[in-house]
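Comments concern the structure below.
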Amino acid sequence: MTRKVSEVKTMKQWDRLVRTRQKHPGKSDKQIDGIESRRSFLFKLGMGALALTPVVAYISNHYQRQKEQIYREMGMIDVRVKELQRSIGRKTKIEELENILSDLRLSNEQFKEYIDTYDERLMEELAKLNAKRDEEMEIYQFVIDGFYDYEKRNPEKYVLGEGSRVLDLARTIFPESRGEWESEKYQRYVGTTVIERAHLTGTDFPEVISKKGAYEFMDPENPMYKIFLNPLRDREEEAWFTTFDRSRTLIGLPYEELNPKVTHYFARPIKNMNTNLPSWADKGKLVDEITINGKITRFRNIPEDF
Numbered sequence: 151m152t153r154k155v156s157e158v159k160t161m162k163q164w165d166r167l168v169r170t171r172q173k174h175p176g177k178s179d180k181q182i183d184g185i186e187s188r189r190s191f192l193f194k195l196g197m198g199a200l201a202l203t204p205v206v207a208y209i210s211n212h213y214q215r216q217k218e219q220i221y222r223e224m225g226m227i228d229v230r231v232k233e234l235q236r237s238i239g240r241k242t243k244i245e246e247l248e249n250i251l252s253d254l255r256l257s258n259e260q261f262k263e264y265i266d267t268y269d270e271r272l273m274e275e276l277a278k279l280n281a282k283r284d285e286e287m288e289i290y291q292f293v294i295d296g297f298y299d300y301e302k303r304n305p306e307k308y309v310l311g312e313g314s315r316v317l318d319l320a321r322t323i324f325p326e327s328r329g330e331w332e333s334e335k336y337q338r339y340v341g342t343t344v345i346e347r348a349h350l351t352g353t354d355f356p357e358v359i360s361k362k363g364a365y366e367f368m369d370p371e372n373p374m375y376k377i378f379l380n381p382l383r384d385r386e387e388e389a390w391f392t393t394f395d396r397s398r399t400l401i402g403l404p405y406e407e408l409n410p411k412v413t414h415y416f417a418r419p420i421k422n423m424n425t426n427l428p429s430w431a432d433k434g435k436l437v438d439e440i441t442i443n444g445k446i447t448r449f450r451n452i453p454e455d456f
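Each residue of the sequence shown is one higher than the one before, counting from 151 in our numbering.
Below, the structure written as structure tokens:
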């Protein structure tokens, strides 16, 4: 830089010297030179800071990348939820609705894991999404409960196999335990025979129930056949509603938790317990024996019969 008059060689240098002294009146040439040196230092410092920009950008974007990854994961679950919503229709079977509800519960658990894992700055937003899924599950549960309630109050509207599996099971249990409906264990054993036979034969409830000779009430000449067709025929609402609810609980159990396993049973008056016994009366394993209403009912597990 030109600081002294004696060093001026051109008009351009002269103009620069004049401007510098006008900016710093009263300062010596040495002081002015110090100001220019500081400016040079600051300029170099600024250039060095620019060189660090990629590092700063990486740090500032790290959180953003993590956030975007979480949103992508949530987006995948949102797509699944929307697909499930589109699949819902009035004619959809109740079992399919329950599978949907199970899937939603699984996705809900995944979101709870996100909330427990990631930064607190995301917790509020994730909690809102999780609450939305809770609301969706409540809606599905409401629809499922509505279907079951309609079946329970209008069983005569469905023939065997056209309603839910819960309805088919309840309509089997009821005529077989009409006088013993207050015993939860008795009804559970009767219902278990349908579930266990279906499992052993690889068929569904209608095939098991309608098989010739499997259940006496399926004979049109049997007085209980009319009760099978319409459990509310004699307005036994408490007994029927209780049977239906127990059937729903029984079907809701995983097969592994169905205990004990029962495939056969027979009832006889206490005084004539050993008369006219079925051919399989002593086969397999005796699971339980219940005495109620003046008769004894023996429940056995004979899987080899299937």
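The beta carbon of each residue, even a glycine, is placed where N, CA and C say it ideally should be. Being a predicted model, the structure only gives us computed values, none of them experimental.
Item, Value
"Backbone CA spacing between Gly444 and Gly341 [nearest angstrom]", "22 angstroms"
"Anticipated Cβ contact below 8 angstroms, Leu319 with Phe378, distance rounded", "About 12 angstroms separates the two Cβ atoms, so there is no contact after all."
"Beta-carbon separation (whole angstroms), Pro453 vs Thr393, contact threshold 8 angstroms", "26 angstroms between Cβ atoms; not a contact."
"Identity of the residues DSSP links to Tyr415 by a beta bridge", "Phe449"
"Residue interval of the alpha helix (DSSP H) (run including Lys335)", "Glu334 to Thr351"
"Burial state of Asp455, where buried means 16 or more other Cβ atoms lie within 10 Å", "exposed"
"Per DSSP, cross-strand counterpart(s) of Ile250", "For Ile250, which the question treats as bridged, DSSP gives no partner whatsoever."
"Glu326 vs Phe367 beta-carbon contact at 8 angstroms", "yes"
"Distance, His349 Cα to Gly402 Cα", "15 angstroms"
"heavy atom of the ligand GDP below 7 angstroms from Ile250 C-beta", "Within the structure as shown, the ligand GDP is missing, as the structure has no ligands at all."
"Continuous alpha helix (DSSP H) stretch holding Thr399: start and end", "Glu387 to Ile401"
"Boundaries of the alpha helix (DSSP H) in which Leu427 is found, first to last residue", "Note, Leu427: premise wrong, no alpha helix (DSSP H); not H, not E."
"Helix, strand or coil at Val309 according to DSSP, with G and I counted as helix", "coil"
"Identified DSSP bridge partners for Glu439", "Arg448"
"Alpha carbon of Glu388 to alpha carbon of Glu274, nearest angstrom", "47 angstroms"
"Beta-carbon proximity of Glu330 to Ile442, cut-off 8 angstroms", "yes"
"Between the CA atoms of Asp369 and Glu334 - distance to the nearest angstrom", "26 angstroms"
"Residue burial classification, Thr447 (beta-carbon count within 10 angstroms, cutoff 16)", "buried"
"Glu312 classed as buried or exposed, judged by whether at least 16 other C-beta atoms fall within 10 angstroms", "exposed"
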